[in-house]
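Colleague: Handing you a structure now.
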Amino acid sequence: MAITVRDMLTLKSMKQFVPVAGQSGFFKPVEMIDMLDFGWERDNTYSLNLFDRDSFVISSLMFAKNDSDKLYQTIRRLIECGVAGLAYKPVFYNDLPKEICRLADENDFPIFRIGDSITYREIIFAVTDAIRLNKNILEIEGYLSRMLSENLEEEEVSDLVSKISPYLQKNAKITIILDPADKNPFSIDCVIRSFQMYDQFKDKVVLCKFASGLALIATMNIEEEKNFDVIINNALLFCGIKRDSMWLAHSKVHPTYTALNQCIKEAYYALVAGQVLDKQDVKYSKIGSLSFLIPMVNNSYIHVYMQDFLSPIFNDEEYMRTTIAFIRAEGDYEVAAKKLNFHKNTLRYRIKKLHSNLSPELSYEAFYEKLSIAIKIYLVKQIQL
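Residue numbers (our numbering): 221 to 605.
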């Protein structure tokens with residue numbers, strides 16, 4: 221997946237870009253940047269192959285000086301080539317003719333006027349670097365996805381770790397960061413790009429795209445988890461990420477070059493557990509039975525267990541809502557009642573009735589254990605990440 225025109229506009233140098241037309245085309249992908257100044261002046265055939273599809277073109281429009289018809293025909297050909305957009309220096313044209321703006325609007329073809337204080341060189345370097353970074357981001361995301369989904373040998377893990385970064389230290393901990401409301405308050409590429417400016421994290425932290433959020437890989441040559449937490453907190457601070465507004469899911473500490481795959485699995489399971497338990501900051505070491513229920517959730521026996529136990533209330537929305545709140549509150553009547561806006565005695569009555577309907581032969585403790593496992597299986601199966 222390439223960067224888009226909208227992604228380009230988040231670059232510092234693109235602050236000099238003023239939209240002129242085609243703003244509905246900001247979704248278009250950009251895979252390279254090219255220049256148009258003399259080539260088409262000498263090519264009256266307007267070859268369709270002169271520019272690559274998904275390229276973004278910059279120009280002074282010198283080739284169409286005092287010839288608005290030639291400018292119109294050239295932009296029409298750029299659109300036919302599949303070019304993503306055009307940015308021009310206001311040397312020969314300050315404002316574009318209305319018919320050209322109309323053509324751009326009709327074809328979702330973004331056109332920008334470039335400010336005087338930025339050079340072509342700066343634009344080319346900035347966009348090329350953003351495209352390279354985006355490619356790197358996607359490659360690393362692929363490596364993490366392999367570590368999560370495949371059973372890799374230690375040698376394979378070591379090879380992938382080396383591709384992620386040559387600077388990682390002996391031990392690692394991964395934190396996954398996800399927006400709970402999925403409102404995308406930040407551009408992932410922009411956050412990663414900004415974070416790479418901080419040299420103090422170069423041999424300690426790698427910030428990666430993962431699923432619809434971020435994975436923060438913290439590494440140190442020591443094993444004490446509290447030291448990792450300090451680095452992670454500092455990295456979040458430098459990224460401008462507020463802990464209380466995100467889902468945070470943390471792995472345990474493992475050897476980087478042989479068990480980073482275990483880190484990403486634990487962080488992912490902690491993320492799922494956080495959504496099951498309705499908690500936004502979760503450590504894998506604290507998720508209890510979910511540590512084995514999550515990786516086993518597609519097991520047919522697990523599914524049958526859940527359905528059989530919950531079948532008497534499966535289609536009763538009110539009882540299911542009550543039960544889920546009770547399990548998420550870890551059996552605390554006061555916390556669950558407050559969440560449900562019930563009186564505590566009303567909740568006690570409902571849970572007692574539930575005990576009687578589902579497993580009257582069991583003690584309360586055994587009943588709660590079975591109920592907790594069944595509800596957690598149910599919730600894990602509902603989660604879409």
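A virtual CB, placed ideally from N, CA and C, is assigned to each residue, including glycine.
Classify R273 as helix, strand or coil using the three-state DSSP reduction.
Modeller: The answer is coil: DSSP assigns R273 none of H, G, I, E or B.
Colleague: The ligand ATP and S505: does the residue's C-beta get closer than 7 angstroms to at least one heavy atom of that ligand?
Modeller: Of ligands this structure carries none, so the ligand ATP is not represented either.
Colleague: Could you work out which residue in C321, R570 and F448 is closest to N391 when comparing CA atoms only?
Modeller: Ranking the options by Cα distance to N391, first place goes to F448.
Colleague: Indicate the three-state DSSP secondary structure (helix, strand or coil) for Q527 in the structure shown.
Modeller: It is helical.
Colleague: Are the beta-carbon atoms belonging to L510 and Y489 less than 8 angstroms from one another?
Modeller: Contact flag set, yes.
Colleague: Need the endpoints of the alpha helix (DSSP H) that N481 sits in, please.
Modeller: T476 to L497 is the extent of the alpha helix (DSSP H) around N481.
Colleague: Please classify I442 as buried or exposed, where buried requires at least 16 other C-beta atoms within 10 Å of its C-beta.
Modeller: By the 10 Å Cβ count, I442 comes out exposed.
Colleague: Would you please state the rounded distance, in angstroms, between the beta carbons of R570 and D498? I believe it to be under 8 angstroms.
Modeller: 19 angstroms between Cβ atoms; not a contact.
Colleague: Helix, strand or coil, according to DSSP, for S592 in the structure here?
Modeller: Three-state DSSP puts S592 in a helix.
Colleague: Leaving aside the five residues before and after S280 along the sequence, list all residues of the same chain whose C-beta is less than 7 angstroms from its C-beta, in chain order.
Modeller: Hits under 7 angstroms: D257, Y308, K309, V311 and F312.
Colleague: Given K290, which residues of its chain have a CB within under 8 angstroms of its CB, disregarding the five upstream and five downstream residues?
Modeller: Excluding sequence neighbours, K290 sits near F283 and A284.
Colleague: For L398, which residues does DSSP report across the bridge?
Modeller: According to DSSP, L398 bridges with W467.
Colleague: Is the separation between the beta-carbon of I514 and that of L599 shorter than 8 angstroms?
Modeller: Contact flag unset, no.
Colleague: Opposite V502 in the DSSP bridges: which residues?
Modeller: A469.
Colleague: How far does the beta strand (DSSP E) with L427 in it reach, from first residue to last?
Modeller: Element bounds for L427: V425 to F430.
Colleague: Only counting the same chain, and skipping five residues up and downstream in sequence, which positions put a Cβ closer than 8 angstroms to that of A350?
Modeller: Here the set comprises I223, D227, M228, L231, D409 and R413.
Colleague: How big is the Cα-Cα spacing for I360 and V450?
Modeller: Roughly 24 angstroms separates the two Cα atoms.
Colleague: Rounded to whole angstroms, what is the Cα-Cα separation between P405 and K429?
Modeller: Bear in mind that a pLDDT of 43 at P405, under 50, signals an unreliable position, so the number given afterwards is only what the model happens to contain. Rounded to whole angstroms, P405 to K429 spans 15 angstroms at the Cα level.
Colleague: Assuming the contact rule is C-beta atoms closer than 8 angstroms, A455 and I396 should be a hit. Round their C-beta distance to whole Å, please.
Modeller: In fact, because the Cβ distance is near 13 angstroms, the residues do not count as touching under 8 angstroms.
Colleague: State yes or no: is the C-beta of D336 within less than 8 angstroms of the C-beta of Y387?
Modeller: No, the pair does not count as a contact, with Cβ atoms beyond the cut-off.
Colleague: With burial defined as no fewer than 16 other Cβ atoms inside 10 Å of the residue's Cβ, what is the status of H180: buried or exposed?
Modeller: The displayed coordinates of the chain run from 221 to 605. Any statement about residue 180 would go beyond what the structure contains.
Colleague: Rounding to the nearest angstrom, what Cα-Cα distance links K573 and K472 in this structure?
Modeller: Those two C-alpha atoms are separated by around 40 angstroms.
Colleague: Curious, which full-length beta strand (DSSP E) runs of at least 3 residues does the region 350 to 402 contain?
Modeller: The qualifying runs are 391 to 398.
Colleague: What are the boundary residues of the alpha helix (DSSP H) that includes Q227?
Modeller: Correcting the residue identity first, residue 227 is Asp in this sequence and not Gln. Start and end: V225 to M228.
Colleague: Got a sec, what are the start and stop residues for the alpha helix (DSSP H) Y313 sits in?
Modeller: Segment: none, Y313 is in no alpha helix (DSSP H) and carries neither H nor E.
Colleague: According to DSSP, is I452 part of a helix, a strand, or is it coil?
Modeller: Three-state result, I452: helix.
Colleague: Among the candidates D501, I334, A346 and D315, whose CA atom is the shortest distance from the CA of R463?
Modeller: Closest by alpha carbon: D501.
Colleague: Note the first and the last residue of the continuous alpha helix (DSSP H) segment covering H557.
Modeller: At residue 557 the sequence reads Ala, which differs from the His that was named. It spans Y553 to L560 - the alpha helix (DSSP H) in which A557 sits, taken as one unbroken run.
Colleague: In the structure shown, what three-state DSSP assignment does V517 receive?
Modeller: Coil at V517, not helix or strand.
Colleague: Mind checking which residues open and close the alpha helix (DSSP H) that includes I320?
Modeller: Counting along the chain, the alpha helix (DSSP H) containing I320 begins and ends at K318 to E326.
Colleague: Could you give the DSSP three-state label for L457: helix, strand or coil?
Modeller: Looking at L457 - three-state DSSP - the assignment turns out to be helix.
Colleague: Sort S382, L491 and A346 by Cα distance to Y363 and report the nearest one.
Modeller: Selected option, being the one with the closest Cα: S382.
Colleague: Comparing C-alpha positions only, which one of D399, L298 and E342 sits nearest to Q329?
Modeller: The sequence shown places Phe at residue 329, rather than the Gln named in the question. Per the Cα distances, L298.
Colleague: Have a look at V377 and V426 and give me their C-alpha separation to the nearest angstrom.
Modeller: Distance between the alpha carbons of V377 and V426 is about 16 angstroms.
Colleague: Report the residue from E538, L398, A479 and I603 whose alpha carbon sits nearest the alpha carbon of R366.
Modeller: Among E538, L398, A479 and I603, the Cα nearest to that of R366 is on A479.
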